[in-house]
């Protein structure tokens, strides 16, 4: 019977890289970030609800969501952030469930790629939670290098989430990403062997 795995981590822990590697091994990826963008795409009902809540400034001249404006609006306003979540989350959940069910019906193992899985209390929506782990100092270093951030900004981003060490105690499987990409690949393959998933590899799958 196909499995549903929740894949999570912390910012700059390497979750996207693991998702790509899992795709190579025949898993189908359902990405929360992709669903969140789709939920408020141009012309969508979700975007109209955002316009109604935040006004015309919430929409760019091209008819898309003004992410910079919305970001500023919700950063210091918990009530507005909650209202925005109430618009987006139900649509995201609906999109992800449909995609997941379509893949399961075809017999694929599914990865639910959800950055804030623990923060949003979604552990019970998956069969297992797999966490990509890198220590907080490594997260900060990678974030500074990747996004050209100051150490203060990088720390603020890392510390805004549940700590990676706490998450690692909550997860069913921890995938070590303290070293190189090759080491990460080997660590992941070790997990796949232990879990009996390597047989899920479909080298001719071009869907």
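Residue numbers (the working numbering): 12 to 218.
We put the CB at the ideal spot given by N, CA and C, even for glycine.
In this text, all values refer to a predicted model and were calculated from it rather than measured experimentally.
Other residues of its chain near residue 68: CB distance less than 8 angstroms, five sequence neighbours each side excluded: For the purposes of this step, residue 68 is identified with residue 57 of the chain shown, where counting begins at 1. Around residue 68: 77, 80.
Beta-carbon spacing of residue 173, residue 129 below 8 angstroms: Translated into positions along the chain shown, residue 173 becomes position 162. Translated into positions along the chain shown, residue 129 becomes position 118. Cβ atoms of residue 173 and residue 129: closer than 8 angstroms.
Contact the region 174 to 187 vs the region 47 to 66: 3+ CB pairs below 8 angstroms: no
Inter-residue Cα distance where the pair is residue 28 and residue 194: Residue numbering aside, residue 28 sits at position 17 when the chain shown is read from its first letter. Residue numbering aside, residue 194 sits at position 183 when the chain shown is read from its first letter. Those two C-alpha atoms are separated by around 12 angstroms.
Candidates 36, 43, 97, 126, of which the one nearest residue 111 by Cα: Mapped onto the chain shown, residue 111 falls at position 100. Nearest C-alpha to residue 111: 43.
Residues near residue 14 by beta carbon distance below 6 angstroms, same chain, minus five either side: Your numbering for residue 14 matches position 3 in the chain shown. Closer than 6 angstroms at Cβ, skipping near neighbours: 120, 138.
8 angstroms Cβ cutoff met for residue 145 and residue 154: For the purposes of this step, residue 145 is taken as residue 134 along the chain shown, with counting starting at 1. For the purposes of this step, residue 154 is taken as residue 143 along the chain shown, with counting starting at 1. No, the Cβ-Cβ distance between residue 145 and residue 154 is not below 8 angstroms.
Among 185, 160, 107, nearest to residue 46 - alpha-carbon criterion: Stepping through the chain shown from its first residue, residue 46 is reached at position 35. That would be 107, whose Cα lies nearest to the Cα of residue 46.
Proximal residues to residue 39 (C-beta, below 6 angstroms), its chain only, five neighbours per side dropped: What you label residue 39 is simply residue 28 of the chain shown in a count that begins at 1. Excluding positions up to five away in sequence, the list reads 114, 119, 121.
C-alpha gap between residue 140 and residue 16, whole angstroms: What you label residue 140 is simply residue 129 of the chain shown in a count that begins at 1. What you label residue 16 is simply residue 5 of the chain shown in a count that begins at 1. Spanning the two alpha carbons is a distance of roughly 6 angstroms.
C-beta contact flag for residue 186 and residue 127 at 8 angstroms: Taking the first residue of the chain shown as 1, we reach residue 186 at position 175. Taking the first residue of the chain shown as 1, we reach residue 127 at position 116. Contact flag unset, no.
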